[in-house]
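Residue numbers (full-length UniProt numbering): 1 to 92. Yeah, the Cβ is synthetic: ideal placement off N, Cα and C, and Gly gets one too. Quick caveat, the model's predicted, so the values are computed rather than measured. Below you'll find the structure, written out as structure tokens, and then a few comments.
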């Protein structure tokens, strides 16, 4: 196996480990709240907003062309999550 392939596998493993840790923390926090589903959705929306802002800052710092497709997809996900959260609040 080539060293580039091994390095790629190691990077993917690190990203998966980070994602598992973050989602585990979100699950742990939401499990100890009164409304776990709503808490989990709010925390994940905050995480998506943080990713969106970090992408914007990264693009502005390095003067790269903005990746509009990524921004559009993240905005659609955030807006749909806000709509779902509002619907759940109205039902309660």
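Between which two residues does the alpha helix (DSSP H) holding residue i run?
{"i": "residue 86", "result": "68-91"}
{"i": "residue 30", "result": "3-31"}
Using the three-state DSSP reduction, which class does residue i fall into: helix, strand or coil?
{"i": "residue 65", "result": "coil"}
{"i": "residue 45", "result": "helix"}
ask   = How do the region 60-78 and the region 9-18 stand: do at least 3 beta-carbon pairs fall below 8 Å, yes or no?
value = no
message = Check whether the region 19-36 and the region 67-76 touch, using three or more Cβ-Cβ pairs below 8 Å as the test.
response = Flag = no, the region 19-36 and the region 67-76 do not touch.
At least three beta-carbon pairs within less than 8 Å, the region 84-92 to the region 35-44 = yes
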